[in-house]
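Notes follow once the structure below has been shown.
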Amino acid sequence: MTTERTFIMVKPDGVQRGLVGEIIKRFETRGYKLVACKMLWPGEDLLKKHYAELADKPFFPKLITYMRSGPCVPMVWEGREAVKMGRMMLGATNPLQSNPGTIRGDFCIDVGRNICHGSDGVETAKREIDLWFQPNEITKYESHSKDWVY
Ligand code: RTP
Ligand code: MG
């Protein structure tokens, strides 16, 4: 078991549908610690860097348009196996294949509007956190649940 940081971002449709609190609540109640959070309306350059590995996919232009359609809420969550668990809590990329009980499985049905992003690996998380946050935007504080929540 390792303590990790993962990058989770509520996408524009998640913000527009008022699901920011619901998504934060799920990570908080699971036992993860919020160490960075903000709202911003991302530009094309930032999004193209964020999704650079998908640049050759046919859905890439649609993905960038979707992600530019409104403000997002990027966050950094910390805790045991945060990257893998974050992906598990999000559910499959295509919400029609996401299990009920997951964020996507409970709140959406369209792969092109799947409300939330999560890093797919520890190295990806580091890259994404560096891309979206300045070092001084990431806080350090004591969480009283850190020793017993798992
Ligand atoms: P994300 O990066 O946003 O957390 O999603 P993911 O890892 O589950 O899936 P990824 O393969 O990284 O795809 C990024 C986002 O692109 C959109 N997408 N559309 N067939 C399609 O139309 C299609 N496939 C992927 C989704 O919004 C997906 O989350
Ligand atoms: Mg991905």
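So the sequence shown is numbered by this note's numbering: it starts at -4 and just counts up by one. The beta-carbon is built from N, C-alpha and C at its ideal position, and this holds for glycine as well.
Quiz item: Do you know how far the Cα of threonine 88 is from the Cα of leucine 58?
Solution: 13 angstroms
Self-check item: Separation of glutamate 23 from arginine 12, as counted between CA atoms
Solution: 20 angstroms
Quiz item: Is aspartate 40 near the ligand MG, judged by its Cβ being under 6 angstroms from some heavy atom?
Solution: no
Quiz item: Which class does aspartate 51 belong to by DSSP, given the choice of helix, strand or coil?
Solution: coil
Quiz item: Using a Cβ-Cβ cut-off of 7 angstroms (strictly less than) and excluding sequence neighbours within five positions of threonine 134, which residues of its own chain qualify?
Solution: Val30, Ala31
Self-check item: beta-carbon asparagine 94 near the ligand RTP non-hydrogen atom, thresh 6 angstroms
Solution: no
Practice problem: With hydrogens ignored, establish whether the beta-carbon of valine 68 is closer than 6 angstroms to any heavy atom of the ligand RTP. | Solution: no
Self-check item: Start-to-end residues for the alpha helix (DSSP H) that takes in proline 7
Solution: 7 to 11
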